[in-house]
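2 protein chains.
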Amino acid sequence: MTAHDIPAYMAHLGAAARAASTRMARAGTREKNTALSELAQRLRAAGPALAQANARDIAAAEQAGLAAPMVDRLRLTGQVIETVAEGCEQLAAMPDPIGEITGVKRRPSGISVGQMRVPLGVFGMIYESRPNVTIEAASLAIKSGNACILRGGSEAIHSNMALWRLVQQALVAAGLPAEAVQLVETTDRAAVGRLIAMPESVDVIIPRGGKGLIERIAAEARVPVIKHLDGNCHTYVDAEVDLDLAVTVTDNAKTQKYSPCNATESLLVHAASAPAFLPRMGAVFAAKGVEMRCCAQARALLSGVPGAVLADATDADWAEEYLAPVISVKVVASLDEAIDHINRFGSHHTDAILTNHHPNAMRFLREVDSASVMVNASTRFADGFEYGLGAEIGISTDKFHARGPVGLEGLTSMKWVVLGQGEVRQ
Amino acid sequence: MTAHDIPAYMAHLGAAARAASTRMARAGTREKNTALSELAQRLRAAGPALAQANARDIAAAEQAGLAAPMVDRLRLTGQVIETVAEGCEQLAAMPDPIGEITGVKRRPSGISVGQMRVPLGVFGMIYESRPNVTIEAASLAIKSGNACILRGGSEAIHSNMALWRLVQQALVAAGLPAEAVQLVETTDRAAVGRLIAMPESVDVIIPRGGKGLIERIAAEARVPVIKHLDGNCHTYVDAEVDLDLAVTVTDNAKTQKYSPCNATESLLVHAASAPAFLPRMGAVFAAKGVEMRCCAQARALLSGVPGAVLADATDADWAEEYLAPVISVKVVASLDEAIDHINRFGSHHTDAILTNHHPNAMRFLREVDSASVMVNASTRFADGFEYGLGAEIGISTDKFHARGPVGLEGLTSMKWVVLGQGEVRQ
Numbered sequence: 001m002t003a004h005d006i007p008a009y010m011a012h013l014g015a016a017a018r019a020a021s022t023r024m025a026r027a028g029t030r031e032k033n034t035a036l037s038e039l040a041q042r043l044r045a046a047g048p049a050l051a052q053a054n055a056r057d058i059a060a061a062e063q064a065g066l067a068a069p070m071v072d073r074l075r076l077t078g079q080v081i082e083t084v085a086e087g088c089e090q091l092a093a094m095p096d097p098i099g100e101i102t103g104v105k106r107r108p109s110g111i112s113v114g115q116m117r118v119p120l121g122v123f124g125m126i127y128e129s130r131p132n133v134t135i136e137a138a139s140l141a142i143k144s145g146n147a148c149i150l151r152g153g154s155e156a157i158h159s160n161m162a163l164w165r166l167v168q169q170a171l172v173a174a175g176l177p178a179e180a181v182q183l184v185e186t187t188d189r190a191a192v193g194r195l196i197a198m199p200e201s202v203d204v205i206i207p208r209g210g211k212g213l214i215e216r217i218a219a220e221a222r223v224p225v226i227k228h229l230d231g232n233c234h235t236y237v238d239a240e241v242d243l244d245l246a247v248t249v250t251d252n253a254k255t256q257k258y259s260p261c262n263a264t265e266s267l268l269v270h271a272a273s274a275p276a277f278l279p280r281m282g283a284v285f286a287a288k289g290v291e292m293r294c295c296a297q298a299r300a301l302l303s304g305v306p307g308a309v310l311a312d313a314t315d316a317d318w319a320e321e322y323l324a325p326v327i328s329v330k331v332v333a334s335l336d337e338a339i340d341h342i343n344r345f346g347s348h349h350t351d352a353i354l355t356n357h358h359p360n361a362m363r364f365l366r367e368v369d370s371a372s373v374m375v376n377a378s379t380r381f382a383d384g385f386e387y388g389l390g391a392e393i394g395i396s397t398d399k400f401h402a403r404g405p406v407g408l409e410g411l412t413s414m415k416w417v418v419l420g421q422g423e424v425r426q
Numbered sequence: 001m002t003a004h005d006i007p008a009y010m011a012h013l014g015a016a017a018r019a020a021s022t023r024m025a026r027a028g029t030r031e032k033n034t035a036l037s038e039l040a041q042r043l044r045a046a047g048p049a050l051a052q053a054n055a056r057d058i059a060a061a062e063q064a065g066l067a068a069p070m071v072d073r074l075r076l077t078g079q080v081i082e083t084v085a086e087g088c089e090q091l092a093a094m095p096d097p098i099g100e101i102t103g104v105k106r107r108p109s110g111i112s113v114g115q116m117r118v119p120l121g122v123f124g125m126i127y128e129s130r131p132n133v134t135i136e137a138a139s140l141a142i143k144s145g146n147a148c149i150l151r152g153g154s155e156a157i158h159s160n161m162a163l164w165r166l167v168q169q170a171l172v173a174a175g176l177p178a179e180a181v182q183l184v185e186t187t188d189r190a191a192v193g194r195l196i197a198m199p200e201s202v203d204v205i206i207p208r209g210g211k212g213l214i215e216r217i218a219a220e221a222r223v224p225v226i227k228h229l230d231g232n233c234h235t236y237v238d239a240e241v242d243l244d245l246a247v248t249v250t251d252n253a254k255t256q257k258y259s260p261c262n263a264t265e266s267l268l269v270h271a272a273s274a275p276a277f278l279p280r281m282g283a284v285f286a287a288k289g290v291e292m293r294c295c296a297q298a299r300a301l302l303s304g305v306p307g308a309v310l311a312d313a314t315d316a317d318w319a320e321e322y323l324a325p326v327i328s329v330k331v332v333a334s335l336d337e338a339i340d341h342i343n344r345f346g347s348h349h350t351d352a353i354l355t356n357h358h359p360n361a362m363r364f365l366r367e368v369d370s371a372s373v374m375v376n377a378s379t380r381f382a383d384g385f386e387y388g389l390g391a392e393i394g395i396s397t398d399k400f401h402a403r404g405p406v407g408l409e410g411l412t413s414m415k416w417v418v419l420g421q422g423e424v425r426q
C-alpha cells in the first residue's frame with residue numbers, strides 16, 4: 001500500500017486498526033504488560049538505528065532553520081528514552097482497568113445489573129514535534145486494550161517511524177497484533193482530514209498541539225474529540241487567609257514554570273486581604289521579573305513596590321493565557337465576584353481558592369465550573385501524574401466523557417452487564 | 001421577543017438557559033425536590049387549561065389526517081398525566097447525584113485528589129409527538145441540576161406549551177429560575193438548526209425520534225450528541241443450555257412487544273442445540289404469527305413446524321431492525337461465529353446469550369461490543385427503569401460519555417477536586 005492514494009491508504013490503516021482492536025479488547029493483562037516490558041527493553045537497547053533516524057530529523061530541522069527550542073523538542077536523548085521506557089514499566093505495574101465489573105445490584109425482576117469497563121476501540125492521536133508522544137500514546141493504547149492510529153508531526157517522521165517499529169516488535173513478542181498501533185507514514189496533510197472523518201474505524205480523536213490546530217480538528221471531526229484548548233487558570237486569595245501560604249502558593253502557581261497550561265495566569269484578591277497581601281506578592285513577582293497587569297485598585301496597592309513592572313489590565317487580559325512572566329491582577333469585593341469572574345473569563349481548566357474559611361472553600365469547589373478546582377494548593381498540580389493516573393494522554397477542557405487530565409479511564413467505556421436465571425419482562 | 005427572527009430568538013433562549021444553569025447547578029436538593037413535587041401537584045390539578053390545549057393538538061392532527069396511532073400518542077389522558085406526575089415524585093425520592101465527592105486519595109505531594117459530580121450545564125432535547133416527554137425531560141433537568149431547551153414536535157406544540165407553563169410555575173414555587181426549562185415556541189425548523197449549533201449555550205443535544213432525524217442531527221451538530229440509532233438485538237442460544245429457559249426467554253425477547261428498540265430481531269442458535277431447540281421455538285413463533293427468515297440449516301430444521309411462516313434470510317435481514325413480528329434465524333457452528341456475527345451485523349445495542357456454560361457466558365459478556373450484554377435474560381430488560389436508573393432520558397448506542405440507558409448520571413460530569421494545605425509543585 002503506497003501513500004499517494006490517501007483515502008485508500010487511510011481506509012486501509014483504519015480497517016487494520018479496527019480488526020486489531022477486537023484482539024486487543026480481549027487481550028489478557030499479562031499479554032499487555034509483557035508488550036509494555038518488551039517495549040521498555042527495546043527502547044533502552046534501540047541504539048544506532050533510533051539515533052540515526054533521530055539525527056535525520058534534527059539535521060532536517062536545523063537545515064529548515066527551526067528555532068533551537070523546537071529542534072531540542074525533537075531530540076531523543078538518553079534521558080528522554082529512559083523516561084519513556086520507565087513510563088512503559090509504570091503502566092505495566094498499574095492495575096488493568098479492563099474487565100472490571102462494578103456496581104452490580106439485584107433488581108426486583110430478579111436480574112443482576114452492573115457495569116463492565118471496556119476499551120473504546122480505536123483512538124486517533126494527532127500531535128506535533130516531540131517524538132516521545134509516540135511511545136506515550138502507544139503504551140496507553142496497549143494497557144487500555146485499544147488500538148490507535150498515530151499521526152505525528154512531519155518534522156519527527158523518521159524518529160516516529162523508528163519508535164513505531166519498536167512498538168510493533170514489542171506487540172508481536174507479546175503475541176499481540178502489530179496492527180494495534182498504526183503510524184501514518186505520510187506527511188501529507190490530507191491524511192489528517194481522513195483520520196478525523198472515519199467513524200467506522202476511529203472512535204475518538206485526541207489532538208495535541210496549538211490552539212488553531214485543535215479548533216480546526218474539533219470543527220471538522222466526524223467523531224468525538226477529547227480536546228484541550230486554553231489554560232487560563234486563576235488563583236483567588238480570599239478574605240480570611242494565611243498570608244504566608246498565599247504568597248508561597250501563588251508564587252509557585254505562577255513562576256515554577258511559565259509555559260504549562262496549568263500555570264496561573266490571573267490573580268484575584270479579596271479587597272479585605274489585598275492591602276496586606278498584594279505588596280508582599282508584588283515584591284516576589286518584581287524580583288522574578290513578572291509583569292503585573294492590574295485593575296485600578298490593585299495598581300494603587302502595588303505602586304509602592306520597588307522594581308514592579310505594572311500595567312493597566314484590559315478585558316483581553318482577563319481572558320489571556322500568557323504562558324509567560326506576565327500575570328493579570330484584580331481586586332474583587334466578594335467571593336461571588338471572584339466566582340463570576342472566573343466562570344466568565346476563565347477557560348474551565350484549573351482554578352484555586354486560597355482560604356481559611358470552610359464555607360467559602362466549599363462554595364468555590366461547587367460553583368467554579370472548571371475541570372479542576374482546588375483549595376489551598378498550586379494550580380500546577382493539575383496533571384495526570386500528580387493526580388495518580390499513572391500516565392496522561394491529554395487534558396480535556398470539555399465536560400463530556402473525560403474532563404481534566406485523561407489517563408487510562410478516559411480511553412475506556414462502561415457497558416451494562418445483566419446476569420439472569422431465565423428472567424423475562426412482565 | 002418574537003419568533004420570526006430565529007437566530008436572535010434562539011440566542012436569547014440559549015443565553016437565558018445558560019444563565020439559569022449556574023443557579024440550577026448550586027440548587028439544594030430540597031429546592032429541586034420541591035420543584036418536582038410542585039410539578040406533580042400542578043399536573044394532577046391542571047384540569048381544563050391543559051385539556052383544551054391538548055384538544056387543539058388532537059383536532060389539528062385529526063384534521064391533518066394523521067394515522068390513529070399517531071393521534072393517540074398525542075393524547076394526554078388522565079393515565080398519562082398520572083404516570084408523568086408519579087415519575088416526578090419518583091425522581092424527587094431519588095438520591096441527588098450532584099455534589100457527591102468520590103475516590104478521594106492522598107497523593108505523595110500531600111494534596112488530596114477526588115472527583116465531584118456536577119451538572120453538564122444546558123442540554124437541548126429534540127423530540128417528536130408524545131408531549132409527556134416534555135415533563136420527563138424537564139424533571140430530569142431539574143433533578144440533575146441542569147437547564148434545558150426543549151424542542152417538541154409541531155403536532156404537540158399547544159400541549160407542550162401548556163405543560164411547560166406548569167414546569168415554570170413549579171420552578172418559581174420552589175425559588176428556582178423559570179428559565180431553567182425553556183421551550184422553543186416556534187415550529188420553524190430553522191430553530192433546530194440553531195439549537196444544535198450553539199456551543200456557547202448548549203453542552204449536549206439529546207434527539208429522540210426516527211433514525212433519519214437523529215442521523216441528520218448527529219451529522220450537523222456542533223455540540224456532543226447522546227444518540228440512539230438502531231436496536232438490532234440478538235439472542236444467542238448456546239450449545240449447553242436449558243431448553244425450557246431458552247424457549248421462554250427467546251419468546252419474551254421477541255414477542256412481549258414488537259416495537260421497542262430492545263426487542264430481539266435476530267436469533268442465533270448453536271448447531272448442537274438447534275435440532276432440539278428450533279422446532280420447539282418455531283412452534284411458539286408459528287402460533288404467534290412471527291415470520292422466520294432463516295439460513296438454510298435453520299430452515300431445514302423448521303420446515304416440519306405446522307403453520308410456520310418461513311423465508312430465506314438475506315444479508316440485509318441480519319442487519320435489519322424489524323420492530324414487527326419477524327425474526328431472522330441463523331444456526332452457527334461456534335460461540336466465535338456468534339460473537340463475530342453480532343459484532344458485524346448488530347447495532348451495539350443489546351445482545352444476550354442463553355447458556356449453562358460459565359466460560360462462554362463470560363466470553364460473551366467481554367467480547368460482544370454492545371451497550372448491554374446479558375446472560376440468561378430477555379433483551380427486553382435493557383431499560384433505564386429495569387436497570388434501576390429511576391428515569392431515562394434516552395438510550396445511547398455510542399461508547400462515548402454515556403452508553404446504553406441514560407439516566408441522571410448521563411446528564412452529569414465529574415470535575416477534579418484538590419484539597420491542600422499550602423502544597424506547591426516541586
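Chains as they are written, first to last, in the UniProt record's numbering: chain V, 1 to 426; chain W, 1 to 426.
Heads up, the beta-carbon is just placed ideally off N, CA and C, and yes, glycines get one too.
{"Item": "Helix, strand or coil for Met1 of chain W? Go by DSSP, reduced to three states.", "Value": "Only weak support exists for where Met1 of chain W lies, its pLDDT of 45 falling under 50; the coordinates are left without a value."}
{"Item": "Tell me which same chain residues have a C-beta within less than 8 Å of the C-beta of Ala286 of chain W, skipping the five on either side of it?", "Value": "Val305, Pro306, Gly307, Ala308, Val309"}
{"Item": "Give me the Cβ distance between Ala162 of chain V and Leu278 of chain V, rounded to the nearest whole Å; I'm assuming they're in contact under 8 Å.", "Value": "52 Å between Cβ atoms; not a contact."}
{"Item": "Does chain W have any CB closer than 8 Å to the CB of Ile395 of chain V?", "Value": "no"}
{"Item": "Pick out the complete alpha helix (DSSP H) segments inside the UniProt domain \"Aldehyde dehydrogenase\" (318-383) of chain W, 4 residues or longer, and give them in chain order.", "Value": "335-345, 358-367"}
{"Item": "Note down the Cα distance separating Ser259 of chain V from Ala67 of chain V, rounded to an integer number of angstroms.", "Value": "17 Å"}
{"Item": "Go through its chain and collect everything with a Cβ distance to Pro177 of chain W's Cβ below 7 Å, but skip five positions before and after it.", "Value": "Ala20, Arg23, Leu171"}
{"Item": "When the Cα atoms are used, what is the spatial distance from Thr102 of chain V to Gln115 of chain V?", "Value": "5 Å"}
{"Item": "Please work out which residues of its chain come closer than 7 Å, Cβ to Cβ, to Glu423 of chain W, disregarding the five sequence neighbours upstream and downstream, and give them in chain order.", "Value": "Ser109, Gly110, Ile111"}
{"Item": "Step through the CB atoms of chain W and report whether any lies within less than 8 Å of the CB of Glu392 of chain V.", "Value": "no"}
{"Item": "Whole beta strand (DSSP E) runs in the segment 57-93 of chain V with 3 or more residues, listed along the chain?", "Value": "none"}
{"Item": "What are the boundary residues of the beta strand (DSSP E) that includes Glu100 of chain W?", "Value": "From DSSP, Glu100 of chain W is part of no beta strand (DSSP E); its letter is neither H nor E."}
{"Item": "Can you name the residues of chain W whose CB is closer than 8 Å to the CB of Ile416 of chain V?", "Value": "Here the sequence assigns Trp to residue 416 of chain V, which means Ile is not the residue at that position. Within 8 Å Cβ-Cβ: Ala371, Ser372, Val373, Ala382, Tyr387, Arg403, Gly404, Pro405."}
{"Item": "Would Thr235 of chain V and Leu354 of chain V be called neighbours here (beta carbons separated by less than 8 Å)?", "Value": "yes"}
{"Item": "Should Gly175 of chain W go down as buried or exposed, given a rule of 16 or more other Cβ atoms within 10 Å for buried?", "Value": "exposed"}
{"Item": "Using the Cα positions of Gly121 of chain W and Gly145 of chain W, report the straight-line distance between them to the nearest angstrom.", "Value": "8 Å"}
{"Item": "Between which residues of its own chain and Gln90 of chain V is the CB-CB distance below 8 Å, once the five residues before and five after are set aside?", "Value": "Gly390, Ala391"}
{"Item": "Going straight from the alpha carbon of Leu302 of chain V to that of Cys233 of chain V, what length do you get?", "Value": "22 Å"}
{"Item": "Which residues mark the beginning and the end of the alpha helix (DSSP H) in which Lys143 of chain V is found?", "Value": "132-144"}
{"Item": "Which chain W residues are close to Arg366 of chain V, counting only those with a beta carbon under 9 Å from its beta carbon?", "Value": "Ala25, Arg26, Ile98, Gly99, Met116, Val118"}
{"Item": "Once DSSP output is grouped into helix, strand and coil, what is the label at Gly394 of chain W?", "Value": "strand"}
{"Item": "With a threshold of 8 Å, are at least 3 pairs of Cβ atoms found where one atom belongs to the segment 328-342 of chain V and the other to the segment 291-301 of chain V?", "Value": "yes"}
{"Item": "Take Arg363 of chain W and list the residues in its own chain whose beta-carbon comes closer than 8 Å to its own, dropping the five residues that flank it on each side.", "Value": "Leu335, Ile339"}
{"Item": "Mind pulling the chain W residues with CB within less than 7 Å of Ile111 of chain V?", "Value": "Ala377, Phe381"}
{"Item": "Just to confirm before moving on: does the CB-CB distance between Val269 of chain V and Val237 of chain V stay below 8 Å?", "Value": "yes"}
{"Item": "In chain V, which residues lie with their C-beta within 8 Å of the C-beta of Asp203 of chain W?", "Value": "Lys399, Phe400"}
{"Item": "Between residue 442 of chain W and Gly210 of chain V, how many whole angstroms is the CB-CB distance? I'm expecting something under 8 Å.", "Value": "Outside the shown range of chain W (1 to 426) lies residue 442 of chain W, about which nothing can therefore be said."}
{"Item": "Can you tell me which of the three DSSP states Ile196 of chain W falls into?", "Value": "coil"}
{"Item": "What number of angstroms, rounded off, separates the C-alpha of Met1 of chain V from the C-alpha of Leu213 of chain V?", "Value": "At Met1 of chain V the pLDDT is 45, less than 50, meaning the model places this residue with poor confidence and gives no usable figure here."}
{"Item": "Relative to chain V, which residues along the segment 228-258 of chain W have a C-beta separation below 9 Å, given in chain order?", "Value": "Asp242, Asp244, Leu245, Ala246, Thr248, Val249, Asp251, Asn252, Ala253, Gln256, Lys257"}
{"Item": "With distances taken from CA atoms, which of W:Gly152, W:Glu200, W:Leu74, W:Arg106 is nearest Val181 of chain W?", "Value": "W:Gly152"}
{"Item": "Please list the terminal residues of the continuous beta strand (DSSP E) segment that includes Lys415 of chain V.", "Value": "412-423"}
{"Item": "Under DSSP, the alpha helix (DSSP H) around Ser159 of chain W begins and ends at which residues?", "Value": "157-173"}
{"Item": "Near Val133 of chain V, what residues of its chain come up, given a Cβ to Cβ distance below 6 Å and the 5 sequence neighbours on each side ignored?", "Value": "Tyr127"}
{"Item": "Closer than 7 Å, Cβ to any Cβ of chain W: which residues of the segment 321-335 of chain V, in chain order?", "Value": "none"}
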